[in-house]
Every structure is written in C-alpha cells, then in structure tokens.
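Q: The structure's right below; bear with me while I get my questions together.
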Amino acid sequence: MSKELTSRSEDYSAWYNDIVKKAKLAEHSAVRGCMVIRPHGFAIWEKIQRQLDDMFKETGHVNAYFPLFIPKSFLSREAAHVDGFAKECAVVTHHRLMNDPNGNGIIVDPDAKLEEELIIRPTSETIIWNTYRDWIKSYRDLPLLINQWANVVRWEMRTRLFLRTAEFLWQEGHTAHATKEEGIVESRTMLEVYAEFAEKYMAMPVIKGIKTANERFAGAEETYTIEALMQDGKALQAGTSHFLGQNFAKAFDVKFLNSNNQEEYVWATSWGVSTRLIGGLIMSHSDDQGLVIPPKLAPIHVAIVPIPKPSEEITEVALEIIKKLKAKGIVAKYDDDERNRPGFKFAEHEMMGVPVRLGIGMRDLANQQVEVARRDTKEKSSVSLEGIDVYIENLLEEIQNNLFERAKTYRDEHITKVDTLEEFMEVLEGKGGFIKAHWDGTTETELKIKELTKATIRCIPLDNEPEDGKCILTGNPSVQRVLFAKAY
RNA sequence: CGGGAUGUGGCGCAGUUGGUAGCGUACCUGGUUUGGGACCAGGGGGCCGCAGGUUCGAGUCCUGCCAUCCCGACCA
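If you want my numbering, it's the 1-based position in the first sequence plus 60.
Quick look at the structure:
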C-alpha cells in the first residue's frame with residue numbers, strides 16, 4: 061500500500077477514490093461499472109443492513125424475494141415508468157452458449173433466442189405488482205408491507221465506486237394500502253425511518269423534503285427524499301420514499317373488495333436506500349488520514365496495539381480488555397501482527413477508520429494505564445486500566461455524537477439564503493452547499509437554472525416556512541424558498 | 001455516448017532511434033531493531049490491458065476492441 065492519500069484540498073475526487081481503495085472498501089472489477097465490495101466495505105454494509113432491517117421489522121414490514129429478471133413487456137405497462145428506466149437497462153436475449161464451430165471459444169447459440177427478452181431489474185415495482193395482483197383480493201389482505209434486499213442493474217454511462225455503479229445492492233420496500241391516506245402515511249413513515257437511520261447511525265445530518273415534479277421517481281405521485289451535504293459542498297440524495305398513488309395498481313390491475321363489497325384499486329408506496337450510503341458515509345466524516353467510521357456502523361470499534369510488540373504481560377492485559385468490552389457489545393481487535401511496528405499500525409488503523417485505538421506498552425502498564433487515541437479528533441490521552449471498558453463505552457458514544465455535530469455544523473454553515481441569480485452563482489462557485497432561494501414553481505424555470513448553474517432543486521424541505529418572495533430567475537411570485545445544490 | 005488522458009510484477013512508476021523488461025514499495029528467508037509508516041543481506045514474482053497487423057525482431061509502430069480517470073451529456 062502506498063503511504064499517502066491525495067489530500068481533500070488538492071483533489072476531492074481523487075481523495076475519494078483513494079479512500080475507497082486504500083481503506084479496502086471496494087475496487088473495480090473486470091466488468092465495466094461494476095465493483096467488487098471487499099470484506100471491510102461489506103462489513104459496513106452488513107451493519108447498515110442489520111440496523112435498517114430491524115427498523116423495517118419494527119414498523120411492521122417483512123422480507124421477501126422476487127426475481128432478478130423482468131419480462132420486457134412488464135416495463136411498458138406504466139408509461140412514466142418506462143420513460144424513466146428504459147434507456148439504461150441490461151437485456152437478456154439468449155439462454156444458451158455453444159462452442160464456436162470455427163474454434164474461437166464460446167459463442168451465443170443463435171437457436172437459443174428467448175421469445176420474450178428479460179430485463180435485469182433496474183427496480184422491482186413491475187414484477188412485484190404483477191405478483192401482488194394475485195395476493196390482494198380483499199381489504200383484509202391490506203396493508204401488504206414487504207421489503208426486499210437485492211441487487212439491481214442500471215447501465216450508467218459514468219460510474220463511481222459506491223456513488224453510482226452499474227450494479228448495486230439496496231433494499232426496496234413495496235407496500236400496498238386500502239386508502240390514499242394510508243399510502244401517504246407509509247411513505248412519510250419510511251422517510252422518517254431513513255432520516256433517523258442517517259442521523260443516529262451514520263451520524264449524517266439530512267434534510268427531509270419533497271422532490272419537484274421534474275425530479276420525481278418515474279411513476280410516482282410524490283417522491284420524498286433525504287438530502288445530505290458532503291464535505292466538498294455537493295449534495296447527495298441518500299434515500300427516497302415514493303407515494304405511487306394507484307399508478308401501478310392500475311397498470312397491473314390490482315384491485316380489492318372493500319368492506320362495502322365494492323372493487324377499488326390499491327394504493328402503493330416504494331422506498332429504497334443503497335450501497336450509495338457508504339459513499340455518503342465516507343464523504344461525511346473522513347479526512348486526509350483515511351476513513352472515519354461512526355462507532356455505530358464500525359465493524360471493529362477498538363484496535364489494540366502492543367508497543368513495541370506483543371509480550372506476555374501486554375497480551376494478557378489486552379485480552380482482558382477485549383473480554384470486558386465484548387460484554388458491553390464492543391468489538392475490539394488485538395493487533396499482534398509481529399511484522400509491523402507500532403507506527404505502521406497506527407497509520408493503518410487510521411486509514412481503515414477504526415474509531416478508537418489503544419496503545420499498550422510497558423511504560424503504560426507500570427502506571428496501570430493505556431494510551432487511548434480517538435479517530436475523529438486524533439487526540440491521545442492516558443487512561444487508567446481500572447474501568448477502561450466504561451471509559452471506552454462512553455468515548456464511543458461521544459465520538460458518535462461528535463461526528464454528527466461536526467457534520468451538522470458544517471451542513472448548517474453551508475445553507476445560504478440568496479435572493480438574486482448573481483448571488484446564487486457566486487455562492488455556488490464559492491462556498492458551495494445548499495442554497496435556499498425562491499422559485500416560481502415551474503419545471504421550465506427549474507431546468508433553466510440547472511442549465512445556467514448546474515445546480516438542481518434537491519427538495520422542498522418538509523419543515524419549510526411559507527415566505528413570499530420573487531423567483532431568482534423569472535421574478536415571478538413564490539410562496540416559499542426551495543433547496544438548491546450541485547449534486548452527486 | 002462525445003472530447004481529453006491513461007493502461008508495464010499486488011500497488012506506484014521508468015523504459016531513448018523497434019533488439020527480448022527495470023526501479024520504488026509490498027511479499028518470502030535470516031539478522032539487528034521497535035512509544036508515529038525501521039535497517040542490512042539474500043530471494044521469489046511480469047500473458048507489458050486484449051486481439052489482429054507491419055517487421056528478421058514489437059512494451060515501443062499501425063488498426064480494432066476492453067477498462068479506468070477527468071470534462072460534458074445522461075442519471076429514480
């Protein structure tokens with residue numbers, strides 16, 4: 061491993077790529093746009109999965125699994141949906157290979173052409189709603205609250221590890237309800253779940269809001285979003301929850317009998333977050349020394365480094381600490397690798413984002429102490445061995461809070477109100493971040509601003525306060541400010 | 001998909017007018033070291049992105065393809 065990361069100030073984009081590779085989170089594969097998620101990256105994803113899955117279960121959802129392949133005709137059932145996805149799908153056309161008669165390896169067997177092509181799912185609304193038709197007959201079958209953990213494929217032209225890959229892992233919730241109100245409540249509930257997860261576990265502050273018609277999910281009546289701000293001043297859409305109205309129910313003819321024996325179309329929602337969250341995690345907290353993982357998502361909380369190398373006394377103390385921490389649900393690893401010296405290990409654990417490092421040498425043991433180094437601030441202090449487990453437990457909580465507060469302070473300092481287009485451009489090119497400005501509510505203006513500035517409307521915040529003003533582009537009346545930013 | 005750049009041991013790179021591949025680091029062995037990325041000695045590892053072509057001879061020249069990075073377009 062080379063010893064240094066590109067610094068953030070030098071080249072933020074190169075820094076991001078360096079972190080992903082040097083913290084061993086992921087790497088490019090032999091397939092265009094597809095990544096190999098390495099054990100360290102996948103361990104973080106597993107922590108994300110476990111926590112979210114618990115939260116989904118607590119809100120009444122169950123898991124199921126639907127096919128990877130979708131018959132081509134399904135995608136054309138919902139008109140807006142096909143417009144939104146058709147351009148970037150991988151298509152399966154044949155089902156068999158054969159030896160090349162000319163001896164050039166293996167070729168696609170021309171006789172094995174599929175009667176109907178199969179699309180590798182870019183999202184599963186269609187296959188799921190086709191299934192729901194058979195599952196939903198009565199109001200007693202509702203609500204149907206199902207989540208799926210899966211991979212999806214979107215043939216993106218330009219990819220970036222975790223942020224936008226051709227194949228990615230995600231969860232997609234698909235629910236069915238008897239009434240419009242219930243559907244809206246569900247989509248709002250799941251937005252709250254996402255926001256809570258982002259802030260409490262990822263320590264990533266988010267703004268909850270509604271997407272404009274232009275940014276809405278293909279086939280949705282309303283798209284709710286959580287938007288986070290990265291260290292370089294660009295926004296990241298971290299999760300979305302859609303109220304789908306009756307669009308998919310009508311497209312797939314999913315009806316139920318209500319208690320008055322009348323037939324009605326079902327109301328739907330869908331919601332998802334993906335491995336993109338890991339990209340958000342990286343860009344919220346990490347620094348020029350490497351990855352910083354909030355304790356609640358860290359696969360390993362504490363690294364214990366013997367100084368200068370393992371000895372009987374040090375190992376004994378280290379194992380005792382590990383045992384005490386384990387009882388508190390804290391994962392500690394004793395780095396007794398004799399190949400590397402302490403300085404190397406310090407740098408390595410910092411790169412990998414381990415929240416707390418303990419250094420134990422004979423000098424410490426003579427004083428019944430250990431050296432505690434926290435990853436977020438890089439502060440070091442000597443702490444008594446007595447009660448070290450409680451100390452670390454509290455410290456992890458403090459780190460978790462500090463990361464959130466730090467990110468929130470940065471985010472709040474980078475929300476700027478502007479009233480003119482000149483100011484808008486100036487802030488966008490200078491300090492960056494979110495810009496709160498008046499907009500006349502038309503898609504035309506939104507697109508024009510995007511063309512002029514590259515900034516998009518990230519959302520209309522849910523907690524927005526009404527305020528009369530004039531659109532920064534057209535001067536037409538506006539009743540509230542909306543949130544603009546350049547986005548990933 | 002358009003413009004630009006790149007592709008050589010795991011990683012980072014050098015390789016001149018075409019002559020049969022080298023450095024740093026990592027790895028293995030031995031020794032000395034060890035409180036912030038150790039040092040010495042010895043050693044192993046390369047289809048030079050892939051496929052064609054030119055040539056007595058290609059990492060080097062030509063064509064096509066693949067992948068990655070940057071800038072656009074696209075992006076739920």
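Virtual Cβ for every residue (Gly too), placed ideally from N, Cα, C.
Being a predicted model, the structure only gives us computed values, none of them experimental.
(1) Please identify the residue among 286, 420, 227 whose C-alpha is closest to the C-alpha of residue 90.
(2) If I measure Cβ to Cβ from residue 325 and keep anything under 6 Å in the same chain, skipping five residues before and after, which residues do I get?
(3) In three-state DSSP terms, what is residue 198?
(4) Compute the beta-carbon to beta-carbon distance between residue 116 and residue 207, rounded to the nearest angstrom, for a pair I have assumed lies under 8 Å.
(5) Classify residue 131 as helix, strand or coil using the three-state DSSP reduction.
(6) Is it right to say residue 346 is buried, meaning 16 or more other beta carbons lie within 10 angstroms of its own, or is it exposed?
(7) In three-state terms, what does DSSP make of residue 215?
(8) Under 8 Å Cβ to Cβ from residue 294, same chain only, skipping five residues before and after it: list those, please.
(9) What is the residue span of the beta strand (DSSP E) that residue 158 lies within?
(10) Within 10 Å of its beta-carbon, does residue 441 have 16 or more other beta-carbons around it, so buried, or fewer, so exposed?
(11) Could you check whether residue 456 and residue 415 sit closer than 9 Å to each other, using their CB atoms as the reference points?
(12) Does residue 364 come out as helix, strand or coil in the three-state DSSP assignment?
(13) Please report the distance separating the alpha-carbon of residue 105 from that of residue 335.
(14) Is residue 391 near residue 360, with beta carbons less than 9 Å apart?
(15) Keeping to the same chain, check which residues put their C-beta closer than 6 Å to that of residue 628; ignore five residues upstream and five downstream.
(16) How would you write the range of the beta strand (DSSP E) that residue 324 sits in, first residue to last?
(17) Is DSSP giving residue 233 helix, strand or coil here?
(18) Going by C-alpha to C-alpha distance, which of 203, 157, 370 sits closest to residue 241?
(19) So, using beta-carbon positions, are residue 542 and residue 497 closer together than 9 Å?
(20) Hey, is the segment 171–179 in contact with the segment 145–157, meaning 3+ C-beta pairs nearer than 8 Å?
(21) With a threshold of 7 Å on Cβ separation, who are the neighbours of residue 61 within its own chain once the five nearest residues in sequence on each side are excluded?
(22) In whole angstroms, give me the CA-to-CA distance for residue 277 and residue 268.
(23) Compute the Euclidean distance between the alpha carbons of residue 42 and residue 426, then round it to the nearest angstrom.
A: Reading off the structure:
(1) As a position in the first sequence, residue 90 is number 30, starting the count at 1. Closest by alpha carbon: 227.
(2) Looking up residue 325 in the first sequence gives position 265. Excluding sequence neighbours, residue 325 sits near 306, 309, 310, 315.
(3) If you number the first sequence from 1, residue 198 lands on position 138. If DSSP states are grouped into helix, strand and coil, residue 198 belongs with the strands.
(4) Locating residue 116 in the first sequence gives position 56, where the first residue counts as 1. Locating residue 207 in the first sequence gives position 147, where the first residue counts as 1. The C-beta distance from residue 116 to residue 207 rounds to 5 Å, short enough to meet the 8 Å contact threshold.
(5) Against the first sequence, residue 131 aligns to sequence position 71. Correct three-state label for residue 131: strand.
(6) For the purposes of this step, residue 346 is identified with residue 286 of the first sequence, where counting begins at 1. Buried, by the Cβ-count rule.
(7) Stepping through the first sequence from its first residue, residue 215 is reached at position 155. In the structure shown, residue 215 sits in coil (DSSP, three-state: anything other than H, G, I, E or B).
(8) Numbered from 1 along the first sequence, position 234 holds the residue referred to as residue 294. 492, 545, 546, 547, 548.
(9) Counting from 1 along the first sequence, the entry for residue 158 is found at position 98. 157–159 is the extent of the beta strand (DSSP E) around residue 158.
(10) Against the first sequence, residue 441 aligns to sequence position 381. Exposed, by the Cβ-count rule.
(11) For the purposes of this step, residue 415 is identified with residue 355 of the first sequence, where counting begins at 1. For the purposes of this step, residue 456 is identified with residue 396 of the first sequence, where counting begins at 1. Cβ distance < 9 Å, so residue 415 and residue 456 count as in contact.
(12) Translated into the one-based positions of the first sequence, residue 364 becomes position 304. Here residue 364 sits in strand by DSSP.
(13) By 1-based counting over the first sequence, the position of residue 105 is 45. By 1-based counting over the first sequence, the position of residue 335 is 275. Each residue's Cα considered, the two are about 7 Å apart.
(14) Here the question's residue 391 lines up with position 331 in the first sequence. Here the question's residue 360 lines up with position 300 in the first sequence. Yes. Within cutoff.
(15) Residue 628 cannot be examined here, being either before or after the span of the chain that is shown, 61 to 548.
(16) Translated into positions along the first sequence, residue 324 becomes position 264. 323–325 is the extent of the beta strand (DSSP E) around residue 324.
(17) Position 173 of the first sequence, counted from the first residue, corresponds to residue 233. Three-state DSSP puts residue 233 in a strand.
(18) Taking the first sequence and counting its residues from 1, the one referred to as residue 241 is at position 181. Per the Cα distances, 203.
(19) In the first sequence, counting from the first residue as 1, residue 542 sits at position 482. In the first sequence, counting from the first residue as 1, residue 497 sits at position 437. Taking 9 Å as the Cβ cut-off, residue 542 and residue 497 qualify as a contacting pair.
(20) yes
(21) Translated into positions along the first sequence, residue 61 becomes position 1. With a pLDDT of 38 at residue 61, under the threshold of 50, the modelled position of this residue cannot be trusted; read the value that follows with caution. Spatial neighbours of residue 61 in its own chain (CB-CB distance under 7 Å, excluding positions within 5 residues in sequence) are listed in chain order as 82.
(22) Residue numbering aside, residue 277 sits at position 217 when the first sequence is read from its first letter. Residue numbering aside, residue 268 sits at position 208 when the first sequence is read from its first letter. Roughly 16 Å separates the two Cα atoms.
(23) For the chain, the structure presents residues 61 to 548; residue 42 sits outside this window and is missing.
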